[in-house]
Structures are given as structure tokens and as C-alpha cells.
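Chains A and B are the protein sequences, given in the same order. Quick note, my numbering runs 526 ahead of the 1-based positions in the first sequence. Quick note, my numbering runs 27 ahead of the 1-based positions in the second sequence. Below you'll find the structure, written out as C-alpha cells, and then a few comments.
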Amino acid sequence: MNLFLNIVFIIAIVGMAIAMGIASYRIIRGPTLHDKIVALDAFGVMLMATIGIFSVLLDTSYLIVVIMLIGMLGAIGTIAMAKFLEKGWVIDIDRDSDE
Amino acid sequence: MSSIIALLVLSGVFFSIIASIGVVRLPDMYSRLHAASISSTLGVSSVLLGVFLYFWYFDSNFEMTLLLAIVFIFLIAPAGAHMLARSAFHSDVEPYKLTILNELRRDEIGYEELTEEDKIKAEERKKNQELED
């Protein structure tokens, strides 16, 4: 890695930390639960980018699986929380009912 | 090649910061959802594309998992945002007080009933606003 890219990636990881810090304000103090889930979803997506930049700075490619895993878990968690807050359950038992 | 990687990564960080400022500053859950889901998806995908180009060009290993993560984000983030908006609408999260037309509610309960109920709700909301102030 040359010096230019090193500086760029250090600036990028500082910027991602700032972005996640700003978003965590809405996680702690959202007026409703849905605000918190929106901010948590954005936080998880930003965490993927941070781990990508971090794997470049550490010069390893083992952390790339972690990006994929956090993406899947964050998306499934968001969908499950949305469905739970809407209906009260996550998995439909009676799929013919109209509720 | 370094300049392309730097441009992609820095623009992605810029979009992520814009997304989080939007999540904090916008007045309403629905507009916050709009900011979070659109710009953070674009930001993270361009950052991951920059990381992918870096590993391809400097370490010469073709990381297929990163491309898979980018495609997965593009597929799953709109679905999650859609389900969140639907869930918030059905659990009566209030829209912003300057919202003038609620089309989904009009289509669900019919136009004639909407006008009366909307008047009542608008009056209640005005009273609550005055009480809060």
C-alpha cells in the first residue's frame, strides 16, 4: 500500500466513525421504536463499510466474511423487528388469515 | 488505480455522513427512513467496491464475497425499508404535522370517511402541539 492510499483509508475510517457516532444519537433517543430501528439499520450498514476499510488497513482478507455475515444478520433483524412491531409475531402460523 | 479507489472510498464515506445527518435532522420517521435507506446503501456499496478494487489490484486476489455482499445489500435494503414503512404505518406512527395528503390511508378506508376523521385528527394534533409548546 502506498502512502496516499494509507492516508485516504485513515481519513475514511475516521469519517465512518463520525457517521456512526451521529447515527447512534437517534438509536438512543428516538421518539418511537421505529426511529430506533431505522437508525440501527443504517448503523449496521455503516458497520459493514467500516469493517471493509479496517480489513484494508490491517492488510488481511479474513474479515471479508464478517462483512457478509453482518449484512445478512442486520437485514434479517430489521425485517423481523418490523414484522413483530406490526403484527405481534414474526412467523405466520395461519397464513390464510387476513390480519 | 489509487485515485479511483480513493475517489470511491471517499465518496462512500461522504454519502454515509450525509445519511446519518439526515437520520438525525429530518422531522419524521418516514423521511428518516428515506434518508437512511437510500444514501447509506449507496455509500456502503461504493466503499465496498473500492475495497474490492484494492484487494484485486494490490493483493491480486479476487474477493467474490465482497461482490456478493454488494449485490445482497442492493437486493435486501429496499425490502427492509418497505417492511419498516409498512409496519410504522400500521402501528400508527404519526407523520409530520405539515403532511397534507395520506394516500394509503385514503385508499384503505375510503374517501368520505377520511375527511371527517382527518379533521378530528388534525384538531387533536393541533391541540397536542399547543400543549407541547
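By construction, the Cβ of each residue, glycine as well, lies at the ideal position given by its N, Cα and C atoms.
Determine the chain B residues that contact leucine 611 of chain A at a beta-carbon separation under 7 Å, and present them in chain order.
-> Here the neighbours are Ser114, Ser118.
By the criterion of Cβ-Cβ separation under 7 Å, what are the contact partners of arginine 22 of chain B in chain A?
-> Chain B is shown only over 28 to 160; residue 22 of chain B falls outside these bounds and no answer can be derived.
Chain-ordered chain A contacts of leucine 111 of chain B [CB-CB under 8 Å] = Near leucine 111 of chain B (Cβ distances below 8 Å), the residues of chain A are His560, Ile563, Val564, Asp567, Thr604, Ala608.
Which of helix, strand or coil DSSP assigns to threonine 558 of chain A | Three-state result, threonine 558 of chain A: coil.
Determine, using beta carbons only, whether leucine 599 of chain A comes closer than 9 Å to chain B.
-> It does not: the Cβ of leucine 599 of chain A has no partner Cβ on chain B nearer than 9 Å.
Is leucine 111 of chain B buried or exposed, if buried means 16 or more other CB atoms sit within 10 Å of its CB?
-> Around the CB of leucine 111 of chain B, 16 or more other CB atoms lie within 10 Å, so the residue is classed as buried.
Tell me whether glycine 547 of chain A is buried or exposed, calling it buried when 16 or more other Cβ atoms sit within 10 Å of its Cβ.
-> Glycine 547 of chain A should be labelled exposed.
Hey, quick one: how far does the alpha helix (DSSP H) through lysine 613 of chain A stretch, first residue to last?
-> Per DSSP, lysine 613 of chain A belongs to the alpha helix (DSSP H) from 590 to 613.
In terms of alpha-carbon separation, which member of B:Ser118, B:Gly107, B:Leu95 lies closest to valine 564 of chain A?
-> For valine 564 of chain A, the nearest C-alpha among the options comes from B:Gly107.
Check whether alanine 63 of chain B and alanine 549 of chain A have beta carbons under 9 Å apart | Yes, they are a contact pair.
Beta-carbon proximity check, isoleucine 100 of chain B vs valine 71 of chain B, cutoff 9 Å | Going by C-beta atoms, isoleucine 100 of chain B is nearer than 9 Å to valine 71 of chain B.
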